[in-house]
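Here the structure is laid out as C-alpha cells; the discussion comes afterwards.
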DNA sequence: TCCCTAGCGAAACAAACTTGCATTTGGGAG
DNA sequence: CTCCCAAATGCAAGTTTGTTTCGCTAGGGA
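Protein chains in written order, with full-length UniProt numbering: chain A, 1 to 159; chain B, 1 to 159.
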C-alpha cells in the first residue's frame with residue numbers, strides 16, 4: 001500500500017539510480033556517492049520501500065542457466081472484451097509461471113505476453129492450455145526472441 | 001563471464017526461488033528453508049553469481065513513482081536486414097534509456113521494444129528520434145499499456 | 001586400501017544494518 | 001522579528017548479518 005504522494009528529491013533519485021543497478025551496494029558507499037551519511041541513506045530507502053517507490057528487491061536469474069532458454073512474445077486478441085472476461089484472462093495469465101510479463105494494451109491486440117519456456121514443445125503445450133482451451137481467444141501472434149538485446153526493469157530517472 | 005557449465009542441484013534451485021522473489025532474505029532464513037547452514041547458502045550464492053546463473057541484484061522501481069507512468073510496446077520492422085544494420089539498431093536501442101527492454105525477434109517484426117515515458121509527447125519525440133530519423137525503419141506498430149498486469153523477470157524453476 | 005577433492009557445519013571474525021539522541025535547518029504563527 | 005515546531009541530519013552505540021577459518025565427513029578413483 002503506497003502511503004501518500006511521495007515527493008522525491010535529488011538525493012532519493014541518486015539513491016534509486018544506484019539501487020536499480022545493484023541493490024547490494026553498501027549504504028556506506030551509497031552515502032559517499034550522494035554525500036549523505038549511511039543512516040540517512042537507510043532511512044530514505046526504507047521510506048521509499050514503504051511508500052511503494054521501490055516495489056521489490058530481486059535477484060535476476062539467467063533463464064538459460066535454469067533450462068528456460070527460449071523467450072517468446074505473444075499478442076493475444078480476445079473474442080469478447082467484456083470486463084468480466086478481461087479479468088478472467090488477467091487472472092489466468094498472472095497465475096501461469098511461464099508468463100513472465102503480461103500487459104493489457106490498446107491497439108490491434110488486447111494482451112501482450114512475454115513467455116519463458118524450455119523448448120518449442122513446451123510452448124506448443126502452453127498455447128493449447130492458454131489459448132485453444134480458452135473459448136475467448138480469437139487469435140494470437142507469436143514472436144520468438146533470437147536475441148535478448150536489452151533486458152531489465154530499469155527506469156529512466158530525472159536529473 | 002560465465003565460468004563453466006554450472007550444474008544446479010535442488011538446493012541451488014530452492015535458493016534461487018527465494019532470491020528471485022526477495023534477495024534481501026537473510027542467509028540464515030534461507031538456510032532454514034532449504035535445510036542448509038548459512039555459510040553453505042552463502043557459498044552457493046557466490047558461486048551462482050560468479051558463473052552467471054545470477055545475472056544481477058536489483059531494486060525494482062515503480063515507474064509511476066518517478067514520473068514515467070506510461071509503458072509502450074513497439075514492433076519495429078526494418079527496411080534492410082543486413083547484419084551491419086541490425087547491429088546498429090541493437091546498439092541504438094540499447095543505448096536509449098527509455099527503452100527498458102529490447103528483443104530481436106523472428107516473425108512479422110524484427111524488434112520488439114518496451115518503452116517507458118512520462119507522457120505521449122515524450123513518446124512522440126522518441127519515435128522521431130528512433131524511427132523517423134533512422135533511414136532503416138520501414139514501419140512500426142505501437143501498443144499502449146493500460147494495465148501492467150504482471151511485471152517482473154521471474155523465471156519458472158524446475159522441481 | 002589409500003588419498004584426494006568437494007562440500008559441509010560450528011565458531012570466530014568482520015562488516016553492514018539499525019536505533020537513539022542531540023543538533024541543525026527551514027518555515028509559519030504570533 | 002522572534003519563537004516554536006516539524007523534518008531531516010550526523011554521530012555513536014547496539015544489533016544483526018555476512019564472511020572467513022577450520023576441522024570433519026563423505027565419495028571417487030588409483
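Ideal Cβ placement from N, Cα and C applies to all residues, glycine included.
Closest in C-alpha terms to residue 103/A, from the list 70/B, 77/B and 16/B, comes 70/B.
With contact defined as three or more Cβ pairs closer than 8 Å, the stretch 40-58 of chain B and the stretch 14-24 of chain B are in contact. Taken through DSSP and simplified to helix, strand or coil, residue 47/A comes out as helix.
Residue pairing from DSSP places residue 101/B in a beta bridge opposite 114/B. The beta carbon of residue 101/B sits closer than 6 Å to those of 114, all from its chain and outside the five residues before and after it, given in chain order. Judged by DSSP in its simplified three-state form, residue 52/A adopts coil rather than helix or strand. Looking at the backbone, the Cα of residue 31/B and that of residue 48/B are separated by about 16 Å.
A direct Cα-Cα distance of roughly 29 Å separates residue 147/A from residue 119/B.
Exposed is the label assigned to residue 26/A, since fewer than 16 other Cβ atoms lie within 10 Å of its Cβ. Contact with chain B is found for residue 21/A, since one of that chain's Cβ atoms lies less than 8 Å from the residue's Cβ. The beta carbon of residue 147/A sits closer than 8 Å to some beta carbon of chain B. For residue 124/B, the enclosing alpha helix (DSSP H) has its first and last residue at 120-127.
Between residue 145/B and residue 72/B, the beta carbon gap of about 7 Å places them in contact (Cβ cut-off 8 Å). Here residue 68/B is buried. Its C-beta has 16 or more other C-beta atoms within 10 Å.
DSSP, reduced to helix, strand and coil, places residue 78/B within a strand of the structure shown. Shown here, residue 145/B sits in a strand according to DSSP, grouped into three states. Taking a Cβ-Cβ threshold of 7 Å, the residues of chain B close to residue 150/A are 93, 94, 99, 101 and 102, in chain order. Residue 57/A reaches chain B at 22, 23, 24, 57, 58, 59 and 60, counting residues in chain order whose Cβ is nearer than 8 Å. The Cβ atoms of residue 140/A and residue 112/B lie no closer than 8 Å to each other. Annotated three-state conformation of residue 89/B is helix, per DSSP. If you draw a straight line from the Cα of residue 89/B to the Cα of residue 155/A, it comes to about 20 Å. When C-beta distances to chain A are compared with 8 Å, the residues of the stretch 112-142 of chain B below that value are 112, 116, 141 and 142, in chain order. With contacts defined as CB atoms closer than 8 Å, residue 28/B and residue 78/B fail to qualify as a contacting pair.
In the DSSP secondary-structure assignment, residue 72/B is bridged to 115/B and 144/B. Residues of chain B whose Cβ lies closer than 7 Å to the Cβ of residue 68/A are, in chain order, 155 and 156. When only Cα atoms are considered, residue 129/B and residue 128/A end up about 40 Å apart. At a cut-off of 8 Å between beta carbons, residue 88/A makes no contact with chain B. Contact note: residue 109/A reaches chain B through 143, using a C-beta cutoff of 7 Å and chain order.
Judged by DSSP in its simplified three-state form, residue 109/A adopts coil rather than helix or strand. The three-state reading of DSSP puts residue 21/B in coil, since its state is none of H, G, I, E or B. Of the other Cβ atoms in all chains shown, 16 or more fall within 10 Å of the Cβ of residue 23/A; this residue is therefore buried.
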